[in-house]
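Report on the following structure.
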Amino acid sequence: WSSRPHFPVFPTPICPSPALLTAVRINGDGQEVLYLAEGDNVRLGCPYILDPEDYGPNGLDIEWMQLNSDPSHRENVFLSYQDKRINHGNL
482 WSSRPHFPVF
492 PTPICPSPAL
502 LTAVRINGDG
512 QEVLYLAEGD
522 NVRLGCPYIL
532 DPEDYGPNGL
542 DIEWMQLNSD
552 PSHRENVFLS
562 YQDKRINHGN
572 L
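Going letter by letter, the sequence shown gives residues 482 to 572 in our numbering.
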């Protein structure tokens with residue numbers, strides 16, 4: 482039991498948004514809904530396979546986003562991986 486507020490996290494159905502869709506295959510199993518208490522830790526995986534003609538992981542842009550059920554609200558990118566750097570957004 483936790484008295485801290487819970488925030489749902491909705492990763493995109495295909496996990497991230499790779500920049501080169503033709504050279505990257507995402508091994509995600511679909512959309513996953515996680516309910517976490519504020520301050521809890523979570524590991525967000527994103528298994529992928531690069532095609533031989535791809536330039537490698539340095540050329541990937543991966544985003545994890547919180548989806549809103551109301552289409553009038555923007556999706557919130559809360560974590561991204563670009564140029565071997567991890568960027569943290571807000572939830």
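C-beta: ideal position from N, C-alpha, C; glycine also. What you are looking at is a predicted structure, and each value in this text was computed from that prediction instead of being measured.
For E544, the uninterrupted beta strand (DSSP E) run begins and ends at D542 to Q547, by DSSP. By the Cβ neighbour-count rule, I567 is exposed, with fewer than 16 other Cβ atoms within 10 Å of its own. Beta-bridge annotation (DSSP): H554 is not paired with any residue. Check the Cα spacing between L525 and each of L541, F559 and H554: the tightest is with F559.
For N568, the uninterrupted beta strand (DSSP E) segment begins and ends at R566 to H569.
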